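2 protein chains.
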Amino acid sequence: MTHTDQQMMSRAIALAKRGRYTTAPNPQVGCVIVNNGDIVGEGYHYQAGQPHAEVFALRQAQQRAQGATVYVTLEPCSHYGRTPPCAEALINANVTRVVCAMVDPNPAVAGRGIALLQAAGIQVDIGVLAAQAQALNPGFIKQMSHQMPYVELKLAASLDGRTALANGVSKWITGPKARSDVQHFRAQAGAILSTSATVIADDPSLNVRWNELDVSVQQVYPQSALRQPTRVIIDSQNRLTPEYQLFHLPGETILARTRLGTEVWPDSVQQWIIPTQTNSKQLDLVALLSQLADYGINHIWVEAGACLAGALLQQQLVDSLILYQAPKLMGSDSRSLIAITGLTSMEQTPLLTITDVSMVGEDIRIIATVHNNK
Amino acid sequence: MTHTDQQMMSRAIALAKRGRYTTAPNPQVGCVIVNNGDIVGEGYHYQAGQPHAEVFALRQAQQRAQGATVYVTLEPCSHYGRTPPCAEALINANVTRVVCAMVDPNPAVAGRGIALLQAAGIQVDIGVLAAQAQALNPGFIKQMSHQMPYVELKLAASLDGRTALANGVSKWITGPKARSDVQHFRAQAGAILSTSATVIADDPSLNVRWNELDVSVQQVYPQSALRQPTRVIIDSQNRLTPEYQLFHLPGETILARTRLGTEVWPDSVQQWIIPTQTNSKQLDLVALLSQLADYGINHIWVEAGACLAGALLQQQLVDSLILYQAPKLMGSDSRSLIAITGLTSMEQTPLLTITDVSMVGEDIRIIATVHNNK
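Here the protein sequences come in this chain order: A and B. If you count the first sequence from 1, you need to add 1332 to reach this note's numbering. If you count the second sequence from 1, you need to add 1332 to reach this note's numbering.
So, in structure tokens, the structure goes:
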């Protein structure tokens, strides 16, 4: 039966992914109910406030849930939130067996849903396709286990690791397919983090533009469901003014500052006062990320310059690197990808594992996990 | 029959590749003879001085060559060299049809083999899998069409395009599989080009070490057939002395200098005097490459530092880039991959097309074609 367990969990994981653009800050969860070899119910979590995956699947299965096996990508919940606990619903439906890919990472919850099911005489098996299920929800897991957001750092450079010529010329290093690919990553994030330097230099919109998403994404993510990630802009010197276009686009913006400014901002803009690092004028990135986690943002996509990239990496705050490389060579007097200096041994360099390399149009996309010491 | 033509030519190309480590400076050529749907003869060129692919295939086919179709990856030769012309041998064997992937690129030869066959009443078809056949012999084709060698530039860097920390620490940026992969490229080259700076810094051997080749390479390339590419070391200031290990390893070494030195060199070492560039102390790279082409070297593998890499790229002398990227970030004060400066617009940057990206152990290997204006 192991083979079928994996097939059914794989199906539940595929269902879970249908929520990848809409569930934030909730986790993506999928559920498949099988009775006597037949799939009798399927569901996935679509949006916070809407029913959980198990509820949709149970509704579809109706009385055929009795005696069935339930495949679910995350341990069923045990608490009364905006919806009643799924563990209770499964017990009431008289299912016989529940297969979970992983335990809920929230230490306050972990295992309580499972215990409820077992106490009701239901067989519970845990760990089928666990790694794939974990990959669905890096932000949710990081938030629950570390009370910090999962940070994806986007970088784009030439093959020799440069971002602009010596004179600053940089527009469109990468091609249109890479830029569309960035939209897909933005669309999955809870927030997009950038800096006043980037805003001043480029006046970017830092939003999700539905018409720039790949057709395959548009098919599962209708324009009516478009969710804008929160824009978080580090502006420690209060250099920004309300004229920049991103302050007037749909979606909220958080200005992370070290002191309150007196400008008049649109209602969608908040000023957050973040402490500076000890003995420094630099805004404390750990404090900012921690506060964003408290605010309910668990997955951050960073698009900024070499300075913020270097600071995040040196403070070991980056979980994943997404590097686009254009088929160009820009030379040794051009601008560097990452502002880190003073490394004196190879052991001090950030340690990465490359998990995916692929062509995106004429560019290369490299995805790497960053190994931090904490 | 087109389908079968491609299948048979694909087989001939696979046969040709068996000579990839041994044919230099001759081209890799494969041949398949088919009579009435049966493969009756196969052959490939193994080494200069040995029979051509067609001769081996005809020997195998014997009288069954009569009325047969011959698939050959390169136009059969028409001239008396170390072996009699293959076109004549095919005519004498009474074959009915010859399918060539490509015409011989040598302007003095191009089409004469085909004309001989056609004059004898043999049907000749040209161009089946032409691109794959051309890819077998970039050095031979460049030599014949431009009287210059095909230049592959090997580079290795971190993901941010750096080759050493600010203090010079660089040893083993890339992993053991990437280093073994380099052996495989060296083994296919006619020469390995480097500089006195690299020799002085690393005392490298710049040879092919059979026991470091991948097992899949060893299986088709017996140790007894090991061929050492010519080592070509640019030493324009006569900084090298006979103590370095590469001068005492099997295989010949050419020291490219601007004036004769008085050191006593082993017999395997030649000093070549190359002019300097106009108004410069730099050795004229075009003159060096041209002289190497005259010497019979048509495929050069470059392993050197940022200066030679930059000079070759800026003078548009590089045909292909092989870039190994280690999963590391070395920072903005570390050493640059390519010494090119003064670019002011993106149009001035070397234009590349990425043709292959793959993982080699924990590193990435990128292969790119360089588009030069000449």
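No residue lacks a Cβ here, since even glycine has one placed at the ideal position from N, Cα and C. Treat the numbers as computed from the prediction; the structure is a model and nothing was measured.
- Contact residues of the segment 1620 to 1643 of chain B toward chain A are Ala-1638, Gly-1642 (C-beta to C-beta distance below 8 Å).
- Beta-bridge partners assigned by DSSP to A/Gly-1362: A/Tyr-1376.
- In terms of beta-carbon proximity, B/Ile-1654 stays away from the interface with chain A, with every pair separated by 7 Å or more.
- For secondary structure counted as the beta strand (DSSP E) over 3 or more consecutive residues, the segment 1430 to 1470 of chain A holds these complete runs in sequence order: 1455 to 1458.
- B/Leu-1592 is classed as exposed because its beta carbon has fewer than 16 other beta carbons within 10 Å across all chains shown.
- Annotation: the segment 1502 to 1572 of chain A contains the following complete segments of the alpha helix (DSSP H) (minimum length 4 residues), in chain order: 1508 to 1520, 1528 to 1534, 1547 to 1552.
- Per DSSP, B/Ile-1605 is one residue of the beta strand (DSSP E) stretching across 1601 to 1605.
- For A/Glu-1584, no beta strand (DSSP E) encloses it, and the DSSP letter there is neither H nor E.
- Sequence-ordered contacts of the segment 1478 to 1497 of chain A with chain B read Leu-1487, Ala-1489, Ser-1490, Leu-1491, Asp-1492, Gly-1493, Arg-1494, Leu-1497 [C-beta pairs closer than 9 Å].
- Counting every other CB atom within 10 Å of its CB across the protein chains shown gives B/Pro-1561 a total of 16 or more, marking it as buried.
- Cβ neighbours of B/Tyr-1656 within its own chain (closer than 6 Å, five residues either side excluded): Ala-1488, Thr-1506, Ala-1510, Asp-1695, Arg-1697.
- B/Gln-1646 is classed as buried because its beta carbon has at least 16 other beta carbons within 10 Å across all chains shown.
- What A/Asn-1499 touches in chain B, judged by beta-carbon distance under 8 Å, is Thr-1676, going in chain order.
- The C-beta separation of A/Gly-1522 from A/Gly-1583 comes to about 12 Å, leaving the pair out of contact by the 8 Å criterion.
- The bridge partners DSSP lists for A/Ala-1658 are A/Ser-1490.
- For B/Ile-1606, the closest alpha carbon among the candidates B/Val-1596, B/Asp-1599, B/Pro-1598, B/Val-1618 is that of B/Val-1618.
- Between B/Glu-1407 and B/Gly-1445, the beta carbon gap of about 5 Å places them in contact (Cβ cut-off 8 Å).
- Counting along the chain, B/Ala-1389 sits inside the alpha helix (DSSP H) bounded by residues 1385 to 1393.
- Taking the CA atoms as reference points, A/Thr-1676 sits about 29 Å from A/Ser-1526.
- In the displayed model, A/Leu-1620 falls within a helix according to three-state DSSP.
- At a cut-off of 7 Å between beta carbons, A/Ile-1670 contacts chain B.
- For A/Pro-1682, the chain B residues whose Cβ falls inside 8 Å of its Cβ are Lys-1660, Leu-1661, in order along the chain.
- Around the beta carbon of B/Arg-1391, fewer than 16 other beta carbons lie within 10 angstroms, which makes this residue exposed.
- Interface flag for B/Thr-1530 against chain A is unset, since no Cβ pair is found closer than 7 Å.
- The three-state secondary structure of A/Glu-1635, taken from DSSP, is strand.
- Against chain B, the beta carbon of A/Leu-1645 has neighbours under 7 Å at Leu-1661, listed in chain order.
- DSSP, read as helix, strand or coil, puts A/Leu-1645 in helix.
- A straight line joining the alpha-carbon of B/Leu-1538 with that of B/Glu-1595 spans about 21 Å.
- Restricting attention to A/Thr-1355, A/Ser-1342, A/Gln-1338, A/Met-1341, the CA atom closest to the CA of A/Tyr-1553 is found in A/Thr-1355.
- Against chain B, a Cβ distance below 9 Å from A/Met-1691 picks out Ile-1686, Val-1689.
- Here B/Ile-1365 is near B/Ala-1397, since their CB atoms are less than 7 Å apart.
- Under the three-state reduction of DSSP, A/Met-1691 is assigned to strand.
- A/Lys-1613 counts as exposed, since fewer than 16 other beta carbons sit within 10 angstroms of its beta carbon.
- With fewer than 16 other beta carbons inside 10 angstroms of its own, B/Val-1547 counts as exposed.
- Below the 8 Å Cβ cutoff, chain A contributes Ala-1498, Gly-1663, Ser-1664, Asp-1665 as neighbours of B/Thr-1673, in chain order.
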